[in-house]
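Numbering (our numbering), first residue to last: 2 to 140.
All residues carry an ideal CB built from backbone N, CA and C; glycine is no exception.
As the structure is a prediction and not an experimental result, all values here were calculated from the model.
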Amino acid sequence: MTETLNTIREMCDTFGVTARTLRFYEAKELLSPRREGQKRLYTRRDRARLKLILRGKRFGFPLEEIRQLLDLYDIGDQQKTQFQETMQRARVHLEGLRKQRDEIDEAIQDLSEQIDWGARMLETRERGAAIKLAGGGAG
2 MTETLNTIRE MCDTFGVTAR TLRFYEAKEL LSPRREGQKR LYTRRDRARL KLILRGKRFG
62 FPLEEIRQLL DLYDIGDQQK TQFQETMQRA RVHLEGLRKQ RDEIDEAIQD LSEQIDWGAR
122 MLETRERGAA IKLAGGGAG
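Written out as structure tokens, the structure reads:
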């Protein structure tokens, strides 16, 4: 049975990436398409790897770490090491994301309080200016 191969255009259309992105991932040794002359042909393995690359990027993993995790597939232990290492790194990364979220929530709260304070200060000053104008005209 013949393996289905995809062109660079088909990969771009399927995954919503640019040809430049695919070539970049190839240069970083994340993808290794077959070549027919100047034409790149992507295998099922390349498609699976690209899906994982894009998911890893969405989760905020650096490309080098994604590459290391993808390379564990080739160890030959039915992906056991790859799954274990991915889960461990995912747990650490998740904890980091939660910490970032907490810091962002705190910054949002602080900024909201500053905006409220600024609005009250402006209102107080405007009231004070209005009172001075009203009082200044009576004298």
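- The continuous stretches of beta strand (DSSP E) do not include Y26, which lies in the alpha helix (DSSP H) extending over residues 20-28.
- A direct Cα-to-Cα measurement between G129 and Q115 gives close to 21 Å.
- The criterion of a C-beta distance shorter than 8 Å is not satisfied by R46 and L6.
- Proximity of the region 19-33 to the region 66-79 meets the contact definition, three or more beta-carbon pairs being nearer than 8 Å.
- The Cβ neighbour count for R59, taken over all protein chains shown within 10 Å, is under 16; the residue is labelled exposed.
- For G57 against L98, the beta-carbon gap comes to about 13 Å, at or over 8 Å, which does not count as contact.
- Close CB contacts of I67 within its chain, under the 8 Å cut and outside five residues either way in sequence, are with L31, L53, I54, G57, K58 (chain order).
- Residue environment for T3: exposed (fewer than 16 other C-beta atoms within 10 angstroms of its C-beta).
- Distance from the Cα of E27 is smallest, within the candidate group Q89, R41, D111, D78, for R41.
- Of the other Cβ atoms in all chains shown, fewer than 16 fall within 10 Å of the Cβ of L134; this residue is therefore exposed.
- The C-beta of T15 has fewer than 16 other C-beta atoms within 10 Å across all chains shown, which makes the residue exposed.
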